[in-house]
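Below is one structure, written out as structure tokens; comments come after it.
So this is what it looks like as structure tokens:
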């Protein structure tokens, strides 16, 4: 077998074959066939142990080198695709507010954007790390200074994110935010985080079982505003029992716009501080609510921390201007004719009077399947301003119960009694498009038209102001684009890769890829 | 459209031809070259030049397919028997040692061709419907499956000594020498993996190649060194005009190799070596030819399959080095990309197989005239150059340390597969949720 060896094989050292049986043994010191010991020259043995030494000592030195190496700081603008997987630090300020994604009540991820002057990067912490940050109340706010380290992950879509691997790698320096008077809140502050103070004038909690937000109306000497927050923020509010009209609040909120209206959004419950005000002491909000003996200062007792169920706050002792009892539409009856009631409901229909007639404006409100018309005339309609209704929004109406031509209705006599409550219209009917289509049949030519598609969600990709899920139905794939302003965080928390959904939305195209953009949460159904 | 098709056809063949050059150089991995190509594409993008996806997708597919198939040539003809081959010499090397290296290479090539058929004709049509479901089911189980694989790798190592002499401590130590070396290799590699994951000495500008110097050190350099210092006497090789196989063998090999390679392609950080191990254990006891061919199937299905998974509509997973590099350049979106890649794979598979026989003959002629130890030395210099150019001194340091670890299984007769601890251990820990805690305990973060 080994006759006429190939070039370079003629000078094989004898020690690679067994002297006893001639079997090839390579680097072994005992022949695998006959078991005879094969003597090796020193060099081979040395090589073996030198390799072991090189491996272990070298690894030890590499370890020492690694732990004494400072994590490199990079400028965001300098990040290149070749830096994928690099473990680096960035230093900058938080741009915009963080988003917390929850699933079945558990924190799934937390995301915020860091700006260092050269660019912006999205920083994401997943599961355990995100939960730890929430637990440690280490959630950055817009304007905070941060130093954060993590691994970079990027794709060809220019989606660059930094994955925060340990909560300790986020160093947070809270920004000093001056108090902004409510009267000074205007469009120039959109996208910023500000501190507001005021007295609660009304608290509008969501109905039980609904997904609507809380709205706390406040006022100061310069004007009024409404702080909006989602239900998941409620448990984190300290002194919840004091969340009643007359209490003084101080809140760090984000200024946003929704349908061209300013929105004061409270992102986290702990960003709302509540102190009992003079008039608040006249209220009893329920079992365990504070009844301070001494007017000032308010000292919180354990009783103050008693759990308060998130339901309507109904004052039992009066402040004259705020005495009202909210009613469900279903329990407004003809027997209540002449009584003043306050109701909440979604606008399902708006009827405007014909020109030259004295007919009223009519809103048809719906609440839990029951409808009631609300009527008012020009003197009210022309003064509604920001509270002008539109189909789908939640309104709070205060008016007198009336019966006209055997139809129950509520007559409103003053524009202050028509309030737009829910600027996130969770009950907006899903848009009606051109029907269900297979994804594979959608083309760029269909851009600008509304279609409904069904499919399975893939792994999401983050955008600056939204998120993209690849949606596949077996015939093709389309990007399901969920903008923050259209489909808010809590709605998206229910989504996860692998889930089947039905989506209705406008067909768009970006860089050659088709997109479908639902215009509200109702346009997205889990299947 | 016709122009597009012709472009795809042309660049696929071009990529396959380039891969034939990469493949016949021992120890040079396709991913090393792909890394350099990706850098070139980034550079072009920076200069404002966009390369259409119809050019670089088929080109990269051609390289991956061609290398996966043609790399068999140096692995059989230029590979000195090593590791477990001391006891049960790998069938491919048995063929080489009996002058039938050409036949062994071609049988493996047939396995590769079967792998291409398996991917294009069996997996391709069903993947978009089936794999997302499979992924959905398995996603939350990946971590423990990975631990089962690790356990299997460690427990399937067997003692290479301790068979002779009187019972006692010396015999016990002799038996445990290779087992201990295997365990040491696995845990040292795993430790190296932790360091590279969190504090790699490689410059952040080239972080996408963090793991490359480690792989070169763990696998390529020991192979070159072993070829240079401890080769066997290779007899002259005969060129066969027929292969001793039949349809039954091909089907059995495709089933075993497809399963092993497919498993490796689908699961994160499970590599072709592990797929090969699974395929080998499934078939080795029955027929050597099935074993050889299934290795060809497994290798091709792993490398090409993991690359293809990136393009499966609705799946959204990234597996294998080629796919990770591709993701930085292009994110596939539609069936257009999917079918283009499947088509490229089929064309590249055909082209690579047609090149197999002439390349094998050329390599045999080469080793008959040139001392292949010198070829190994030249290959060593080439890969050292690539590592230095791409990752600098930081990469060289990692490579040297990894070489020390990679030589342990070679010299202590344990399995090189243990070197995969560099990926398996840190990723399995991370997927189980305690990787970061270990890294903190090690003061790496």
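Chains as they are written, first to last, in my numbering: chain A, 1333 to 1859; chain B, 11 to 455. Just so you know, even glycine gets a beta-carbon here, dropped at the ideal spot from N, CA and C.
is_contact[residue i, chain A] using C-beta, thresh 8 Å
{"i": "residue 337 of chain B", "result": "yes"}
{"i": "residue 41 of chain B", "result": "no"}
{"i": "residue 87 of chain B", "result": "no"}
{"i": "residue 205 of chain B", "result": "yes"}
{"i": "residue 279 of chain B", "result": "no"}
{"i": "residue 332 of chain B", "result": "no"}
{"i": "residue 441 of chain B", "result": "no"}
{"i": "residue 250 of chain B", "result": "no"}
{"i": "residue 450 of chain B", "result": "yes"}
{"i": "residue 418 of chain B", "result": "yes"}
{"i": "residue 216 of chain B", "result": "yes"}
{"i": "residue 220 of chain B", "result": "yes"}
{"i": "residue 103 of chain B", "result": "no"}
{"i": "residue 71 of chain B", "result": "no"}
Chain B within 8 Å of residue i, Cβ atoms only
{"i": "residue 1842 of chain A", "result": "no"}
{"i": "residue 1469 of chain A", "result": "no"}
{"i": "residue 1371 of chain A", "result": "no"}
{"i": "residue 1498 of chain A", "result": "yes"}
{"i": "residue 1394 of chain A", "result": "yes"}
{"i": "residue 1518 of chain A", "result": "no"}
{"i": "residue 1479 of chain A", "result": "no"}
{"i": "residue 1419 of chain A", "result": "yes"}
{"i": "residue 1778 of chain A", "result": "no"}
{"i": "residue 1425 of chain A", "result": "no"}
{"i": "residue 1351 of chain A", "result": "no"}
{"i": "residue 1398 of chain A", "result": "yes"}
Cβ-Cβ distance between residue i and residue j below 8 Å
{"i": "residue 1473 of chain A", "j": "residue 1429 of chain A", "result": "yes"}
{"i": "residue 454 of chain B", "j": "residue 105 of chain B", "result": "no"}
{"i": "residue 223 of chain B", "j": "residue 412 of chain B", "result": "yes"}
{"i": "residue 1547 of chain A", "j": "residue 1575 of chain A", "result": "no"}
{"i": "residue 33 of chain B", "j": "residue 77 of chain B", "result": "yes"}
{"i": "residue 124 of chain B", "j": "residue 260 of chain B", "result": "yes"}
{"i": "residue 195 of chain B", "j": "residue 415 of chain B", "result": "yes"}
{"i": "residue 114 of chain B", "j": "residue 102 of chain B", "result": "yes"}
{"i": "residue 1741 of chain A", "j": "residue 1704 of chain A", "result": "yes"}
{"i": "residue 1426 of chain A", "j": "residue 1387 of chain A", "result": "no"}
{"i": "residue 437 of chain B", "j": "residue 314 of chain B", "result": "no"}
{"i": "residue 272 of chain B", "j": "residue 119 of chain B", "result": "no"}
{"i": "residue 1799 of chain A", "j": "residue 1774 of chain A", "result": "no"}
Classification of residue i by the beta-carbon crowding that lies within 10 angstroms, buried from 16 upward
{"i": "residue 1593 of chain A", "result": "exposed"}
{"i": "residue 446 of chain B", "result": "buried"}
{"i": "residue 94 of chain B", "result": "With a pLDDT of only 33 at residue 94 of chain B, under the threshold of 50, the placement of this residue in the model should not be trusted; the figure read from the coordinates follows. Classification for residue 94 of chain B: buried."}
{"i": "residue 1684 of chain A", "result": "exposed"}
{"i": "residue 1589 of chain A", "result": "exposed"}
{"i": "residue 1584 of chain A", "result": "buried"}
{"i": "residue 256 of chain B", "result": "exposed"}
{"i": "residue 152 of chain B", "result": "buried"}
{"i": "residue 465 of chain B", "result": "Beyond the ends of chain B as shown, which are 11 and 455, falls residue 465 of chain B; an answer cannot be given."}
{"i": "residue 343 of chain B", "result": "buried"}
{"i": "residue 1561 of chain A", "result": "buried"}
{"i": "residue 1692 of chain A", "result": "buried"}
{"i": "residue 1501 of chain A", "result": "buried"}
Expected contact under 8 Å - CB spacing of residue i and residue j to nearest Å
{"i": "residue 87 of chain B", "j": "residue 1414 of chain A", "result": "That belief does not hold up - the Cβ atoms of residue 87 of chain B and residue 1414 of chain A are roughly 35 Å apart, past 8 Å."}
{"i": "residue 283 of chain B", "j": "residue 430 of chain B", "result": "6 Å"}
{"i": "residue 1788 of chain A", "j": "residue 142 of chain B", "result": "6 Å"}
{"i": "residue 64 of chain B", "j": "residue 350 of chain B", "result": "7 Å"}
{"i": "residue 1724 of chain A", "j": "residue 1743 of chain A", "result": "Between residue 1743 of chain A and residue 1724 of chain A the Cβ distance is about 23 Å, and since that is not below 8 Å, they are no contact."}
{"i": "residue 38 of chain B", "j": "residue 70 of chain B", "result": "Wrong, their Cβ atoms sit about 16 Å apart, outside the cutoff."}
{"i": "residue 146 of chain B", "j": "residue 1830 of chain A", "result": "4 Å"}
{"i": "residue 288 of chain B", "j": "residue 270 of chain B", "result": "4 Å"}
Check: At which residue ranges does the stretch 98 to 163 of chain B contain complete beta strand (DSSP E) runs of 3 or more residues, listed in the order of the chain?
Finding: The qualifying runs do not exist here; there are none.
Next item on the list: Enumerate, from N- to C-terminal direction, the unbroken beta strand (DSSP E) stretches of 3 or more residues contained entirely within the stretch 1474 to 1554 of chain A.
Entry: If only complete runs of 3 or more residues are kept, the stretch 1474 to 1554 of chain A shows the beta strand (DSSP E) at 1477 to 1486, 1492 to 1495, 1502 to 1505, 1525 to 1536, 1546 to 1552, in order along the chain.
Margin query: Extract the residue ranges of the alpha helix (DSSP H) inside the stretch 238 to 279 of chain B, only unbroken runs of 4 or more that lie entirely within it.
Written below: List check, alpha helix (DSSP H) in window: 257 to 276.
Note to self: For a minimum of 4 consecutive residues, which ranges assigned as the alpha helix (DSSP H) are wholly contained in the stretch 12 to 98 of chain B?
What the structure shows: Whole alpha helix (DSSP H) segments, 4+ residues: 12 to 34, 40 to 56, 63 to 80, 82 to 87.
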